[in-house]
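In our numbering, the protein residues as written are 5 to 171.
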């Protein structure tokens, strides 16, 4: 069984020949063009075509050839096989760092745990949970010092006022 990772959601159909309108959950929708198969409900489908359409992707899966077949997949989550995605040096999947300990080098203390990464216009935001409170840190090199997979830890370089007890 392949190691699957969520990559998008089928939000609608497109046309009458089984094409799917997909909301991509990847850094770049171009990733769909590199894949050979997608998974829906654990079932593998050959990816015949993938093309951008506004902020979405239009995907054609083998065996889904009618509007009715496509409608049956609406609102389903799409998965990809991690083995099909070549990562550049230093790149990682977001799912692999959720739960990592968040350490601040400035205060020399653990500030919480990474709970999610939210997309934002200028840079994604690391959402750190600390005692029921949320700390937001932009995912930019100025603040993210190091991702340490061996110790499941992310080291941050915060600035004064970024942490909630400093305001």
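Where is the CB? At the ideal position from N, CA and C, for every residue including glycine.
Computed from a predicted structure; not experimentally measured.
(request) Pick helix, strand or coil for residue 105, following the three-state DSSP scheme. (result) As a position in the chain shown, residue 105 is number 101, starting the count at 1. If DSSP states are grouped into helix, strand and coil, residue 105 belongs with the strands.
(message) Judging by CA-CA distance, which residue of 163, 56 and 28 is the nearest neighbour of residue 110?
(response) Counting from one through the chain shown, the residue named residue 110 turns up at place 106. Of the candidates 163, 56 and 28, the one whose C-alpha sits nearest the C-alpha of residue 110 is 163.
(message) Give the list of continuous alpha helix (DSSP H) stretches no shorter than 4 residues that lie fully inside the stretch 71-102.
(response) Complete alpha helix (DSSP H) runs here, min 4: 71-75.
(request) Using beta-carbon positions only, say whether residue 142 and residue 154 come within less than 8 Å of one another. (result) Against the chain shown, residue 142 aligns to sequence position 138. Against the chain shown, residue 154 aligns to sequence position 150. One thing to note: residue 142 has its Cβ no nearer than 8 Å to the Cβ of residue 154.
(request) May I have the straight-line CA-CA distance separating residue 166 from residue 108, to the nearest angstrom? (result) Stepping through the chain shown from its first residue, residue 166 is reached at position 162. Stepping through the chain shown from its first residue, residue 108 is reached at position 104. Roughly 11 Å separates the two Cα atoms.
(request) With a threshold of 16 other CB atoms inside 10 Å of the CB of residue 145, please say whether the residue is buried or exposed. (result) For this step, residue 145 is matched to residue 141 along the chain shown. Result: exposed.
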